[in-house]
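So the structure is just underneath, and the comments pick up after that.
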Amino acid sequence: MPIPTAEMGVIECGGKVHVVGGYARHNVNSDYHQVFDPQSGEWTMKAPIPFPCNHLSLAVVGRRIYSFGGFIEQNRCPHSKCFVYDADEDRWEPLPNLLRPRGAISAIALDGKIHLLGGRDVRSLDWHEVFDPATAKYSILEGMRGSTPTQPFAGQRCHMGVVLVDGNIHAIGGRKDSYDFNTSLHAVYSPAADSWSFRALLPTPRSGLSAAYVDGKIIAFGGEAPGIVFAANEAYDPASDTWETVAPMPVPRHGLHGATAAVVGSTVYVPGGAPITGGGVQGAYHDAFTFG
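Just so you know, we're using numbering that gives the first Met the number 0 here: the sequence shown kicks off at 0 and counts up by one.
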(Lines of atoms letter the chains of each structure in order from A; the text may use other names.)
(Lines give C-alpha, C1' and ligand atoms only; values in the text may rest on other atoms or scores of the structure.)
Protein backbone atom coordinates (compact mmCIF):
# COMPACT_ATOMS: atom_id res chain seq x y z
CA MET A 0 0.00 0.00 0.00
CA PRO A 1 1.49 3.40 -0.92
CA ILE A 2 0.84 5.08 2.45
CA PRO A 3 1.05 3.08 5.71
CA THR A 4 -2.37 3.41 7.34
CA ALA A 5 -4.39 2.17 10.33
CA GLU A 6 -7.82 2.89 11.85
CA MET A 7 -9.13 3.70 8.38
CA GLY A 8 -12.21 2.81 6.39
CA VAL A 9 -11.97 -0.01 3.84
CA ILE A 10 -14.63 -1.05 1.33
CA GLU A 11 -15.03 -2.83 -1.99
CA CYS A 12 -16.69 -0.83 -4.74
CA GLY A 13 -16.83 -1.82 -8.38
CA GLY A 14 -14.31 -4.61 -7.88
CA LYS A 15 -11.72 -2.28 -6.35
CA VAL A 16 -10.49 -1.85 -2.77
CA HIS A 17 -10.90 1.65 -1.31
CA VAL A 18 -8.88 2.71 1.76
CA VAL A 19 -10.00 6.05 3.24
CA GLY A 20 -8.67 8.28 6.03
CA GLY A 21 -7.18 6.87 9.23
CA TYR A 22 -3.85 7.25 10.99
CA ALA A 23 -1.17 7.84 8.35
CA ARG A 24 2.31 9.33 8.23
CA HIS A 25 2.16 9.89 12.00
CA ASN A 26 -0.96 12.02 11.63
CA VAL A 27 -4.15 10.81 13.31
CA ASN A 28 -6.58 12.55 10.96
CA SER A 29 -5.55 11.90 7.37
CA ASP A 30 -7.71 12.46 4.29
CA TYR A 31 -5.97 9.99 1.97
CA HIS A 32 -8.02 7.89 -0.43
CA GLN A 33 -6.01 4.95 -1.75
CA VAL A 34 -7.52 2.50 -4.25
CA PHE A 35 -6.25 -0.95 -5.22
CA ASP A 36 -7.23 -2.65 -8.48
CA PRO A 37 -6.90 -6.45 -8.12
CA GLN A 38 -6.89 -6.90 -11.90
CA SER A 39 -3.90 -4.65 -12.55
CA GLY A 40 -2.28 -5.08 -9.14
CA GLU A 41 -1.79 -1.31 -8.95
CA TRP A 42 -2.65 1.40 -6.43
CA THR A 43 -3.91 4.87 -7.34
CA MET A 44 -4.83 7.95 -5.32
CA LYS A 45 -8.38 9.27 -5.60
CA ALA A 46 -10.19 12.36 -4.31
CA PRO A 47 -9.43 12.83 -0.59
CA ILE A 48 -12.29 12.71 1.87
CA PRO A 49 -13.36 16.31 2.73
CA PHE A 50 -13.00 15.92 6.50
CA PRO A 51 -9.78 14.20 7.67
CA CYS A 52 -10.38 11.72 10.50
CA ASN A 53 -9.77 8.22 11.85
CA HIS A 54 -12.11 5.40 12.87
CA LEU A 55 -14.55 6.40 10.14
CA SER A 56 -16.98 3.77 8.87
CA LEU A 57 -17.76 3.00 5.23
CA ALA A 58 -20.59 1.22 3.45
CA VAL A 59 -21.37 0.87 -0.23
CA VAL A 60 -24.67 1.03 -2.12
CA GLY A 61 -24.33 0.62 -5.86
CA ARG A 62 -21.42 2.71 -7.11
CA ARG A 63 -21.43 5.02 -4.12
CA ILE A 64 -19.38 4.83 -0.93
CA TYR A 65 -20.90 6.32 2.23
CA SER A 66 -18.72 7.55 5.12
CA PHE A 67 -20.04 8.01 8.66
CA GLY A 68 -18.47 9.74 11.66
CA GLY A 69 -15.04 9.08 13.11
CA PHE A 70 -12.59 10.68 15.52
CA ILE A 71 -10.39 13.73 14.93
CA GLU A 72 -7.92 12.83 17.67
CA GLN A 73 -6.48 9.46 18.62
CA ASN A 74 -9.54 7.36 19.48
CA ARG A 75 -11.40 10.39 20.85
CA CYS A 76 -13.17 13.64 19.91
CA PRO A 77 -15.91 12.11 17.75
CA HIS A 78 -17.60 14.02 14.96
CA SER A 79 -20.93 13.61 13.16
CA LYS A 80 -19.94 14.50 9.59
CA CYS A 81 -20.93 12.15 6.77
CA PHE A 82 -20.13 12.06 3.07
CA VAL A 83 -20.86 10.11 -0.09
CA TYR A 84 -18.30 9.31 -2.79
CA ASP A 85 -19.29 8.81 -6.42
CA ALA A 86 -16.86 6.26 -7.84
CA ASP A 87 -17.67 7.25 -11.42
CA GLU A 88 -17.14 10.98 -10.86
CA ASP A 89 -14.32 10.69 -8.27
CA ARG A 90 -16.15 13.22 -6.13
CA TRP A 91 -17.28 13.50 -2.49
CA GLU A 92 -20.43 15.30 -1.38
CA PRO A 93 -21.71 16.06 2.14
CA LEU A 94 -24.61 14.19 3.72
CA PRO A 95 -26.76 15.05 6.74
CA ASN A 96 -24.88 14.64 10.01
CA LEU A 97 -25.28 11.63 12.28
CA LEU A 98 -27.89 12.06 14.98
CA ARG A 99 -25.13 11.51 17.55
CA PRO A 100 -21.38 12.14 17.00
CA ARG A 101 -19.32 8.98 17.31
CA GLY A 102 -16.47 6.97 15.86
CA ALA A 103 -15.63 3.27 15.52
CA ILE A 104 -19.13 2.54 14.20
CA SER A 105 -19.69 -0.73 12.36
CA ALA A 106 -21.58 -0.01 9.13
CA ILE A 107 -23.22 -2.47 6.75
CA ALA A 108 -25.62 -2.05 3.81
CA LEU A 109 -28.83 -4.08 3.75
CA ASP A 110 -31.61 -3.76 1.16
CA GLY A 111 -30.43 -0.33 0.05
CA LYS A 112 -30.21 1.10 3.57
CA ILE A 113 -27.16 1.41 5.80
CA HIS A 114 -27.18 0.09 9.36
CA LEU A 115 -24.84 1.88 11.77
CA LEU A 116 -24.12 -0.26 14.82
CA GLY A 117 -22.58 0.80 18.10
CA GLY A 118 -19.57 3.08 18.11
CA ARG A 119 -18.23 5.38 20.77
CA ASP A 120 -18.54 9.01 21.83
CA VAL A 121 -17.05 9.15 25.32
CA ARG A 122 -18.13 5.57 26.02
CA SER A 123 -19.29 2.67 23.90
CA LEU A 124 -22.89 2.83 22.69
CA ASP A 125 -25.67 0.38 21.90
CA TRP A 126 -27.10 2.63 19.17
CA HIS A 127 -28.61 1.10 16.04
CA GLU A 128 -29.09 3.90 13.54
CA VAL A 129 -30.26 3.39 9.94
CA PHE A 130 -29.51 5.75 7.06
CA ASP A 131 -31.68 5.71 3.94
CA PRO A 132 -29.75 7.05 0.92
CA ALA A 133 -33.01 7.51 -1.01
CA THR A 134 -34.36 10.05 1.49
CA ALA A 135 -31.07 11.10 3.14
CA LYS A 136 -32.73 10.56 6.53
CA TYR A 137 -31.84 8.61 9.66
CA SER A 138 -34.02 6.48 11.88
CA ILE A 139 -33.32 4.86 15.23
CA LEU A 140 -34.07 1.22 15.95
CA GLU A 141 -34.07 -0.45 19.34
CA GLY A 142 -30.50 -0.61 20.61
CA MET A 143 -28.18 -3.55 20.15
CA ARG A 144 -28.67 -6.26 22.71
CA GLY A 145 -26.46 -8.90 24.17
CA SER A 146 -24.63 -10.21 27.19
CA THR A 147 -22.16 -12.84 28.28
CA PRO A 148 -21.88 -14.34 31.78
CA THR A 149 -19.18 -11.81 32.66
CA GLN A 150 -20.37 -8.85 30.57
CA PRO A 151 -24.06 -8.09 31.11
CA PHE A 152 -24.00 -4.95 28.94
CA ALA A 153 -22.02 -6.16 25.94
CA GLY A 154 -24.62 -4.64 23.63
CA GLN A 155 -22.76 -1.38 24.21
CA ARG A 156 -19.95 -2.04 21.75
CA CYS A 157 -17.45 -0.43 19.42
CA HIS A 158 -14.48 -1.68 17.35
CA MET A 159 -16.40 -4.83 16.34
CA GLY A 160 -16.59 -6.82 13.13
CA VAL A 161 -19.78 -6.81 11.08
CA VAL A 162 -20.97 -8.80 8.05
CA LEU A 163 -24.16 -9.54 6.16
CA VAL A 164 -25.20 -13.19 5.73
CA ASP A 165 -28.47 -14.22 4.06
CA GLY A 166 -30.12 -10.92 4.90
CA ASN A 167 -29.07 -10.93 8.57
CA ILE A 168 -26.40 -8.76 10.22
CA HIS A 169 -23.72 -10.46 12.33
CA ALA A 170 -21.95 -8.23 14.90
CA ILE A 171 -18.86 -9.96 16.25
CA GLY A 172 -16.43 -9.21 19.08
CA GLY A 173 -15.45 -5.64 19.88
CA ARG A 174 -15.13 -3.87 23.19
CA LYS A 175 -16.96 -1.89 25.81
CA ASP A 176 -15.03 1.38 26.21
CA SER A 177 -11.49 -0.07 26.03
CA TYR A 178 -9.71 -3.27 25.05
CA ASP A 179 -9.52 -4.11 28.74
CA PHE A 180 -13.18 -5.06 28.26
CA ASN A 181 -13.09 -6.99 25.00
CA THR A 182 -16.01 -9.27 24.28
CA SER A 183 -16.51 -12.50 22.35
CA LEU A 184 -20.20 -11.73 21.80
CA HIS A 185 -21.67 -12.80 18.45
CA ALA A 186 -25.09 -11.21 17.99
CA VAL A 187 -27.30 -11.43 14.89
CA TYR A 188 -29.91 -8.88 13.84
CA SER A 189 -32.90 -10.07 11.82
CA PRO A 190 -34.58 -7.20 9.95
CA ALA A 191 -37.63 -9.39 9.31
CA ALA A 192 -38.20 -9.86 13.05
CA ASP A 193 -36.54 -6.58 14.08
CA SER A 194 -34.80 -8.47 16.86
CA TRP A 195 -31.41 -9.74 18.03
CA SER A 196 -30.43 -13.33 18.70
CA PHE A 197 -27.15 -14.98 19.60
CA ARG A 198 -24.74 -17.42 18.01
CA ALA A 199 -21.60 -19.25 19.07
CA LEU A 200 -19.15 -16.90 20.77
CA LEU A 201 -16.02 -15.77 18.97
CA PRO A 202 -13.31 -18.11 20.37
CA THR A 203 -10.82 -15.29 20.97
CA PRO A 204 -12.28 -12.12 22.57
CA ARG A 205 -10.83 -9.16 20.68
CA SER A 206 -11.51 -5.70 19.34
CA GLY A 207 -10.14 -3.72 16.43
CA LEU A 208 -10.79 -6.78 14.28
CA SER A 209 -12.27 -6.97 10.82
CA ALA A 210 -14.79 -9.43 9.46
CA ALA A 211 -15.71 -10.65 5.99
CA TYR A 212 -18.10 -13.19 4.48
CA VAL A 213 -16.68 -15.42 1.75
CA ASP A 214 -17.44 -18.90 0.44
CA GLY A 215 -20.19 -19.43 3.00
CA LYS A 216 -18.13 -18.53 6.07
CA ILE A 217 -17.46 -15.47 8.21
CA ILE A 218 -13.77 -14.75 8.79
CA ALA A 219 -12.62 -12.68 11.79
CA PHE A 220 -9.23 -11.09 11.09
CA GLY A 221 -6.68 -9.77 13.60
CA GLY A 222 -7.54 -7.40 16.43
CA GLU A 223 -6.01 -6.55 19.79
CA ALA A 224 -6.21 -7.15 23.53
CA PRO A 225 -4.07 -5.79 26.37
CA GLY A 226 -0.44 -6.45 25.50
CA ILE A 227 -1.12 -8.40 22.30
CA VAL A 228 -2.01 -7.93 18.64
CA PHE A 229 -3.50 -10.99 16.96
CA ALA A 230 -2.40 -12.67 13.76
CA ALA A 231 -4.99 -15.38 14.39
CA ASN A 232 -7.97 -15.65 12.07
CA GLU A 233 -11.10 -17.60 12.94
CA ALA A 234 -13.88 -18.77 10.61
CA TYR A 235 -17.55 -19.20 11.49
CA ASP A 236 -19.89 -21.58 9.67
CA PRO A 237 -23.49 -20.28 9.92
CA ALA A 238 -24.87 -23.70 8.97
CA SER A 239 -23.29 -25.50 11.94
CA ASP A 240 -22.95 -22.53 14.34
CA THR A 241 -19.28 -23.42 14.90
CA TRP A 242 -15.92 -21.68 14.70
CA GLU A 243 -12.59 -23.01 13.45
CA THR A 244 -9.06 -21.65 13.22
CA VAL A 245 -7.80 -20.78 9.72
CA ALA A 246 -4.48 -19.53 8.34
CA PRO A 247 -3.13 -16.55 10.31
CA MET A 248 -2.13 -13.23 8.81
CA PRO A 249 1.58 -12.93 7.95
CA VAL A 250 1.85 -9.96 10.34
CA PRO A 251 -0.33 -9.47 13.47
CA ARG A 252 -2.57 -6.42 13.08
CA HIS A 253 -5.36 -4.40 14.62
CA GLY A 254 -6.91 -1.10 13.61
CA LEU A 255 -9.28 -3.03 11.35
CA HIS A 256 -12.60 -2.34 13.11
CA GLY A 257 -15.88 -3.00 11.30
CA ALA A 258 -15.93 -4.44 7.81
CA THR A 259 -12.43 -3.22 6.90
CA ALA A 260 -11.73 -6.17 4.65
CA ALA A 261 -12.78 -6.03 1.02
CA VAL A 262 -14.16 -9.12 -0.72
CA VAL A 263 -13.59 -9.33 -4.47
CA GLY A 264 -14.79 -12.65 -5.86
CA SER A 265 -13.53 -15.33 -3.46
CA THR A 266 -10.58 -13.27 -2.23
CA VAL A 267 -10.53 -11.15 0.93
CA TYR A 268 -8.16 -8.17 0.87
CA VAL A 269 -6.96 -6.86 4.24
CA PRO A 270 -4.89 -3.68 3.80
CA GLY A 271 -3.17 -1.61 6.46
CA GLY A 272 -3.50 -1.88 10.22
CA ALA A 273 -1.10 -1.59 13.13
CA PRO A 274 1.35 -4.28 14.30
CA ILE A 275 1.51 -3.06 17.92
CA THR A 276 -1.22 -2.01 20.34
CA GLY A 277 -2.31 1.61 20.30
CA GLY A 278 -1.91 4.06 17.46
CA GLY A 279 1.81 4.80 17.28
CA VAL A 280 2.63 2.67 14.23
CA GLN A 281 0.84 2.24 10.90
CA GLY A 282 1.43 -0.50 8.35
CA ALA A 283 1.60 -0.61 4.56
CA TYR A 284 0.68 -4.30 4.70
CA HIS A 285 -1.65 -5.68 2.08
CA ASP A 286 -2.63 -9.33 2.40
CA ALA A 287 -5.14 -11.47 0.57
CA PHE A 288 -6.96 -14.49 2.04
CA THR A 289 -8.63 -17.35 0.16
CA PHE A 290 -9.92 -20.79 1.14
CA GLY A 291 -7.99 -23.67 -0.40
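The C-beta atom is built at its ideal place from N, Cα and C for all residues, glycine as well.
{"Check": "Are residue 269 and residue 288 close, meaning C-beta to C-beta below 8 Å?", "Outcome": "yes"}
{"Check": "Could you tell me the boundaries of the beta strand (DSSP E) in which residue 126 lies?", "Outcome": "Counting along the chain, residue 126 falls outside any beta strand (DSSP E), and DSSP gives it neither H nor E."}
{"Check": "Within its chain, find whatever has a CB closer than 6 Å to the CB of residue 84; leave out the 5 residues flanking it on each side and keep chain order.", "Outcome": "64, 91"}
{"Check": "Smallest Cα separation from residue 57: which of 252, 16, 126?", "Outcome": "16"}
{"Check": "For the candidate residues 110, 116, 39, 247, whose alpha-carbon lies nearest to that of residue 102?", "Outcome": "116"}
{"Check": "How many Å lie between residue 82 and residue 175 at the Cα?", "Outcome": "27 Å"}
{"Check": "Measure the beta-carbon distance from residue 233 to residue 207 and round it to whole angstroms, keeping in mind my assumption that it falls under 8 Å.", "Outcome": "Rounded, the Cβ-Cβ distance is 15 Å, inconsistent with contact."}
{"Check": "Taking DSSP as the reference, what is the three-state secondary structure of residue 31?", "Outcome": "coil"}
{"Check": "Take the Cβ of residue 197 as the centre, count every other Cβ of all protein chains shown within 10 Å, and call the residue buried at 16 or more, exposed below.", "Outcome": "exposed"}
{"Check": "May I ask which residues mark the beginning and end of the beta strand (DSSP E) holding residue 284?", "Outcome": "Segment: none, residue 284 is in no beta strand (DSSP E) and carries neither H nor E."}
{"Check": "Quick one: is the Cβ of residue 158 within less than 7 Å of any heavy atom of the ligand ADP?", "Outcome": "Among the components of this structure there are no ligands whatsoever, and the ligand ADP is therefore not found."}
{"Check": "Could you give the uninterrupted runs of the beta strand (DSSP E) lying entirely in the region 77 to 143, keeping only those of 3 residues or more?", "Outcome": "90 to 94, 105 to 109, 112 to 116, 127 to 131, 136 to 140"}
{"Check": "Classify residue 128: buried if its beta carbon has 16 or more other beta carbons within 10 angstroms, exposed otherwise.", "Outcome": "buried"}
{"Check": "Which of helix, strand or coil does DSSP assign to residue 290?", "Outcome": "coil"}
{"Check": "Straight-line CA distance for residue 179 to residue 205?", "Outcome": "10 Å"}
{"Check": "State the Cα-Cα distance for the pair residue 194 and residue 167, rounded to the nearest angstrom.", "Outcome": "10 Å"}
{"Check": "Based on the DSSP output, what are the partners of residue 253 in its beta bridges?", "Outcome": "273"}
{"Check": "Would you list the residues sitting across from residue 156 in a DSSP beta bridge?", "Outcome": "124"}
{"Check": "Would you decide whether residue 250 is buried or exposed? Buried here means 16 or more other CB atoms lie within 10 Å of its CB.", "Outcome": "exposed"}
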